[in-house]
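In the working numbering, the protein residues as written are 580 to 1563.
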């Protein structure tokens, strides 16, 4: 409970940062700024009603909640009146009932990666990501039963041991959820028509707007459906009869689905099924949440051959590339992607390792990225057949197949990174509008030329790319939609695009991105009056009160696609390029507790829209302190999936610096200068903690720290959320300089924190690493003066500039001295410290020191121990170990080496599906333990389902956080490596 004064007013905690210090970005006020009437968040009666209905933990009603959910990957922005997060079908049905009774409407949102405005609401927004994860493999991998909030790539990871996968594979697979994939009938690079969700979904459990819940696979489901929903069942059969009686309409529907098409409802359902429930099940695929809520989906999975081969085929023109496509498809190519030369030329500069010949490509040339999958013999044959296919084609570079996983990943990174290239090059303040259309595959070259000419006509970049095998092309527009002229230009382009795609090619206005608000006005243009009328009648049958997704798929407003655009005001340089795609969200530690990187940026942009004296600005700043700044782990993993490499942690650390005061800076500098004394005090403190928890329940310490945190800032006073490690030994192991093969710098976290309380006190980590290295004939030397020195990361994370610089210079000078001016390598025993030294320190020190840092070989203990493996022999192996690669091992590119070490020690190494940065972030996991619980939610579920014999990682504070959140005794891999290689 918050502290209150004698008058009952909420009291400010001691040492709480001043949120207003972050100010607002420089720039003009925007016309779409949120009005002051929303400063209190949701209307009080609405929030109260839904809280009574669902519970307080399932209703988000503050101003920040509404603003952060107003934006998604589309160019639109709608401010919801409230956001709800129901936990089960009963909660969803209750929201539906509330909408029917009050005349309100609701829209579903899950991953937030939809591109056409189909997951936005100006009334009730239903978040079905937070509480709707989970999946079950059935029939030895042949089927997957999954809830709508499960992430697509997680589903494929669960299926991988069975050598199975799902059909759809959009570029957003690492963040897109199953619910969104099915609701949009998403495609992807390798998703042929028989592999899409329409054809692969075998069963659905859905909730109708009426509240009726049906499982299409349950016994007697068909009769139960007819009994529960007679008007809907009879209406579906009547529509089917009407369609079948119209031969021209039947032919039209059949024709429309010979190519990719997600415009409107899936009318082919009326031709492919005969009974009401089976018709409706198919209609739900691609319905974008406008007919019912899909609570569970059952997929028929596909075989996943173990090997892959990839090559680029560069040709003189689009026409030459297109001529190769049919033959490549006939050979069984999994993917045939078309890219234009200008994009490849830019990619050559943006991506290390890209082919050098891309730098000099003729702008009129094009290339195909071709992939085959199968067993080794089949791939050998495919490669030979491809060479025969291209034998008569003039190639700009000989084809070079690769089966190397890293090279394959690099090639696909180029293809999927085109969005990032546009994001980097777009004009400031412009939107990023992603469109996709489909031509008859045989006319893709002609369609690409026409599309390029149309883009040029309206002043847009004429870059197109896409899935050549399916005639599906993508392009990106970058209008400044806050400007009237650009809005008109966009509207004119869309009108001409409709004329081109429908009038000339009879293609699809939306091939795999769904209809949304973006294409709803044009459904009739594509389908004709009769088919569109059938869609409207279908919508009224399923949703007679119109409570689901108004203006999504169908609309009476022919200009809805030109309304509700979001402005893109300038914010801090660290995040200004954000395109709000949401690719960052699945890896963010705080995703399940406060905000994500995209939401932090969306909130900051709203601050930029507001005037300086706005009450809305002040309220956003106040709520941002905890939601945005304090609960950001600043781990930087958000930059990895981000198409424009934004590290939102840098933005938050900038805000922490802005909030710092002169007294905080003095304290930070003093701490740096007296770090040796603080180490000793910290070890003494850990001894006291160990004494208390060994004699009494650790809850005593939890209650004591909670009492202190109730009066002082929780961003200053750490908690004790669970068992704490023992203190590290006061003495470091004795080593000799003379025979050393490397310098060993035991980090301060391993000089303060010892082993898990459920593990032996000895050996300590320094003792284990020294012993192990000597055993391998590679002895280490620990300098006598390592105490009092640190990698400087804690000061950087907290925004303490002076202390950070002092410690960065001190550690640089010490490393230079210890390594004999770089002649000896330096081994670091905590991955976050290695990362800090290699990535951060050099940015802040003088040129001389930077040159010295570059001259030294600083390596993590993972790299060191990986090189020791050939010199070691295991005396026994474990069956299974669970491994947690940290954010720092990922940044350093050490995950593979860490897995190699784990595999050296155990028959099976498990990294639970959904494992991300643990959120501990030094002491942030003790300051905000809820952050670690959020970050490890999926990981804990995996560990609970499949316990291991040992739990390994590579960073002490991360291991502490993992112990608290998962209950498992994580420790450095070094301990197990030392134990299992001891001489018999």
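No residue lacks a Cβ here, since even glycine has one placed at the ideal position from N, Cα and C.
N-terminal and C-terminal residue of the alpha helix (DSSP H) that residue i is part of
i: residue 1350; result: 1344 to 1354
i: residue 761; result: 757 to 763
i: residue 1397; result: 1380 to 1397
i: residue 1063; result: 1063 to 1077
i: residue 1459; result: Taken as a continuous stretch (DSSP letters only), residue 1459 belongs to no alpha helix (DSSP H), being part of the beta strand (DSSP E) at 1457 to 1462.
i: residue 1374; result: 1372 to 1376
i: residue 1115; result: 1108 to 1121
i: residue 1323; result: Premise fails: residue 1323 lies in the beta strand (DSSP E), 1321 to 1324, not in any alpha helix (DSSP H).
i: residue 687; result: That residue, residue 687, is in no alpha helix (DSSP H); its beta strand (DSSP E) goes 685 to 688.
i: residue 1408; result: No alpha helix (DSSP H) contains residue 1408, which DSSP labels as neither H nor E.
Proximal residues to residue i (C-beta, below 6 Å), its chain only, five neighbours per side dropped
i: residue 580; result: Unreliable positioning characterises residue 580 in this predicted model, as indicated by a pLDDT of 38, which lies under 50. The coordinate reading is nonetheless provided below. Excluding residues within five positions, none has a Cβ falling inside 6 Å.
i: residue 659; result: 645, 648, 700, 704
i: residue 640; result: 620, 621, 626, 661
i: residue 588; result: At residue 588, the pLDDT of 42 sits below 50, so the modelled position is not reliable; the number obtained from the coordinates is stated separately. Taken in chain order, the list of residues that qualify is empty.
i: residue 819; result: 849
i: residue 1189; result: 612, 1195, 1196
Boundaries (first-last residue) of the beta strand (DSSP E) holding residue i
i: residue 1438; result: 1437 to 1439
i: residue 946; result: 945 to 953
i: residue 1489; result: 1485 to 1489
i: residue 1284; result: Where residue 1284 is concerned, there is no enclosing beta strand (DSSP E), although the alpha helix (DSSP H) it sits in stretches over 1278 to 1288.
i: residue 706; result: 703 to 706
Residues bridged to residue i [DSSP beta-bridge criterion]
i: residue 1185; result: The partner list for residue 1185 (beta bridge, DSSP) is empty, contrary to what the question assumes.
i: residue 1044; result: 918, 1053
i: residue 1017; result: 1051, 1087
i: residue 601; result: Residue 601 pairs with nothing; no bridge assigned.
i: residue 786; result: 792, 872
i: residue 1550; result: 1531
i: residue 1306; result: 1332
i: residue 655; result: 1144
i: residue 767; result: 748
i: residue 882; result: 743
i: residue 877; result: 724, 782
i: residue 837; result: Paired residue(s): none; residue 837 is not in a bridge.
Contact set for residue i: own chain, Cβ-Cβ below 7 Å, skip 5 residues either direction
i: residue 1054; result: 1014, 1030, 1034, 1042, 1043
i: residue 1485; result: 1456, 1457, 1458, 1459, 1460
i: residue 777; result: 764, 845, 861, 864, 865
i: residue 613; result: 646, 658, 1185, 1195
i: residue 1385; result: 1248, 1251, 1252
i: residue 1011; result: 1001, 1002, 1005, 1055, 1057, 1158
i: residue 796; result: 782, 877
i: residue 1329; result: 1307, 1344, 1345, 1408, 1409, 1535
i: residue 800; result: 793, 794, 856
i: residue 761; result: 776, 780, 864, 873, 876
Nonlocal neighbours in the same chain, by C-beta distance under 8 Å from residue i, ignoring five residues either side
i: residue 615; result: 1193, 1194, 1195
i: residue 1639; result: Nothing about residue 1639 can be read from this structure; the chain reaches only from 580 to 1563.
i: residue 586; result: For residue 586, the pLDDT reaches just 43, beneath the cut-off of 50, and the residue's location in the model is therefore unreliable, although a value from the coordinates is still provided. Here the set comprises nothing.
i: residue 1315; result: 1358, 1360
i: residue 1116; result: 814, 818
i: residue 1418; result: 1470
i: residue 617; result: 642, 645, 658, 1195
Proximity test, residue i beta-carbon vs the ligand GDP heavy atom, cut-off 7 Å
i: residue 1259; result: Among the ligands in the structure shown, none appear at all, so the ligand GDP cannot be discussed.
Tell me, please, whether the segment 1201 to 1217 touches the segment 1227 to 1247 by the rule of three or more beta-carbon pairs shorter than 8 Å.
The way I'd put it, the segment 1201 to 1217 does touch the segment 1227 to 1247; three or more beta-carbon pairs between them come closer than 8 Å.
Is it a yes or a no for the segment 741 to 752 touching the segment 1499 to 1517, going by three-plus beta-carbon pairs under 8 Å?
Touching, no, given that fewer than three Cβ pairs across the two stretches are closer than 8 Å.
Would you call the segment 992 to 999 and the segment 926 to 940 touching, i.e. three or more CB-CB distances under 8 Å?
Contact holds: three or more Cβ-Cβ distances are below 8 Å.
Is the segment 719 to 738 in contact with the segment 834 to 848, if contact means three or more CB pairs nearer than 8 Å?
Under the 8 Å Cβ criterion, the segment 719 to 738 does not count as touching the segment 834 to 848, having fewer than three qualifying pairs.
In chain order, which beta strand (DSSP E) runs of at least 3 residues are fully inside the segment 709 to 753?
Qualifying beta strand (DSSP E) stretches, in chain order: 714 to 717, 722 to 725.
May I have a chain-ordered list of the beta strand (DSSP E) segments no shorter than 3 residues that lie completely inside the segment 956 to 988?
Note on the segment 956 to 988: there is no whole beta strand (DSSP E) run with a minimum of 3 residues.
Below 8 Å, how does it come out for the segment 1403 to 1415 and the segment 1428 to 1444: are there three or more Cβ pairs, yes or no?
With contact defined as three or more Cβ pairs closer than 8 Å, the segment 1403 to 1415 and the segment 1428 to 1444 are in contact.
Could you tell me which uninterrupted beta strand (DSSP E) segments, each at least 3 residues in length, are contained entirely in the segment 616 to 671, listed from first to last along the chain?
DSSP runs (the beta strand (DSSP E)) wholly in the segment 616 to 671: 661 to 663.
Touch test, the segment 892 to 903 against the segment 912 to 923, Cβ-Cβ under 8 Å, three pairs minimum:
Output reads yes: the segment 912 to 923 touches the segment 892 to 903.
Does the pairing of the segment 1548 to 1558 with the segment 1323 to 1337 give three or more beta-carbon distances under 8 Å?
Below 8 Å, enough C-beta pairs join the segment 1548 to 1558 and the segment 1323 to 1337 to call them touching: three or more.
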